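A.B. asks: Structure below; questions to follow.
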Amino acid sequence: MKQVSSKQAQRNREVAKIKQSLSPFCVICGKPAVDAAHLVPKSMYPEHYTNPQNIVGLCRECHNRYDNNLAFRQRQKRLIERVKSFDECAANRYFRL
-2 MKQVSSKQAQ RNREVAKIKQ SLSPFCVICG KPAVDAAHLV PKSMYPEHYT NPQNIVGLCR
58 ECHNRYDNNL AFRQRQKRLI ERVKSFDECA ANRYFRL
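Position 20 of the sequence shown, counting from 1, maps to 17 under the numbering used here, and the rest follow consecutively.
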């Protein structure tokens, strides 16, 4: 079993709590949401890892497309505006605006 620091364990608890408050439906297509997705990735923006505005429910298909397809991501205007509301620089960089 992988050891995590107490700080990381606290962050994980915060994210788990946020996940419980998400809509059960994908914010992109409306299908059942199975993933809690970070709008801007934690690898690039760790400061937003536990930001509730950065986490949404997505179905697996939309999550894969969102993470791996820039053109698909750029069409999600509502999500772009959501990211801009808490970090405009991150939105411009991640969505390549």
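Ideal Cβ placement from N, Cα and C applies to all residues, glycine included. Quick caveat, the model's predicted, so the values are computed rather than measured.
What is the rounded straight-line gap between the Cα of Gln50 and the Cα of Arg90?
C.D. replies: Rounded to the nearest angstrom, the two C-alpha atoms are 17 Å apart.
A.B. asks: Distance check for Ala30 and Lys74, CA to CA, integer angstroms please.
C.D. replies: Using only the alpha carbons, I get a separation of about 19 Å.
A.B. asks: Between Asn66, Phe83, Pro21, which lies nearest to Arg93 when the distance is taken from Cα to Cα?
C.D. replies: Answer by Cα proximity: Asn66.
A.B. asks: Assuming Arg79 and Leu19 are in contact, meaning their beta carbons sit under 8 Å apart, how far apart are those beta carbons, in whole angstroms?
C.D. replies: Actually they are not in contact, since the Cβ atoms of Arg79 and Leu19 sit about 13 Å apart, beyond 8 Å.
A.B. asks: Relative to the C-alpha of Pro38, which residue among Lys14, Phe22, Ile25, Asn61 is closest?
C.D. replies: Among Lys14, Phe22, Ile25, Asn61, the Cα nearest to that of Pro38 is on Asn61.
A.B. asks: Would you mind working out which of Val12, Asp32, Lys81 sits nearest Pro21, comparing C-alpha positions?
C.D. replies: For Pro21, the nearest C-alpha among the options comes from Asp32.
A.B. asks: Could you check the C-alpha separation between Ala13 and Ser2 for me, to the nearest Å?
C.D. replies: Spanning the two alpha carbons is a distance of roughly 16 Å.
A.B. asks: Can you tell me whether Ala34 is buried or exposed, with buried defined as 16 or more other CB within 10 angstroms of its CB?
C.D. replies: When all chains shown are included, Ala34 counts as buried.
A.B. asks: Using a threshold of 9 Å, state whether the C-beta atoms of Lys16 and Cys59 are closer than that.
C.D. replies: Not in contact: Lys16 and Cys59 (Cβ atoms no closer than 9 Å).
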